[in-house]
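Here the working numbering runs 72 ahead of the position in the sequence shown, where the first position is 1.
Here the structure comes first, spelled out in structure tokens, and everything after it is commentary.
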Amino acid sequence: MCNCRADIEKRLTDHYAPKLPESRDVEAKLMGYALTLGKSLGIQAYMPAEIRHTVTVKKTGADKRKTEKVNMYFSHCPFCGEKLKKDD
73 MCNCRADIEK RLTDHYAPKL PESRDVEAKL MGYALTLGKS LGIQAYMPAE IRHTVTVKKT
133 GADKRKTEKV NMYFSHCPFC GEKLKKDD
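Structure, rendered in structure tokens:
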């Protein structure tokens, strides 16, 4: 498995720490990662997305705008393309 997440977080921390001289414990974290429960406990890359659509309300016939939130989970690293989970 690749180290892209850790490498990018370190580079972001190194970039922003000098710009925040009065701060301490500066740490950058990519927010598109989740702790997943299943066959094994682990961290998996994902990207939150919103699906926006218009529906017609049956009672009034008026259009209503709706937003649904979904998560897209990656099987390959979105940065380097390496497979995230090794085959058993």
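Ideal Cβ placement from N, Cα and C applies to all residues, glycine included.
These numbers were taken from a predicted model, which means no experiment stands behind them.
By Cβ distance below 8 Å, which residues in the same chain neighbour A121 in space, the five residues on each side in sequence not counted?
-> K141, V142, N143 and M144
Could you tell me which residues DSSP pairs with T85 in its beta bridges?
-> T85 is not bridged to any residue.
Helix, strand or coil: which one does DSSP assign to R77?
-> helix
H125, enclosing beta strand (DSSP E) - first and last residue = G114 to T128
Of the residues A106, H87, N75 and C74, the one placed nearest E99, counting alpha carbons only | H87
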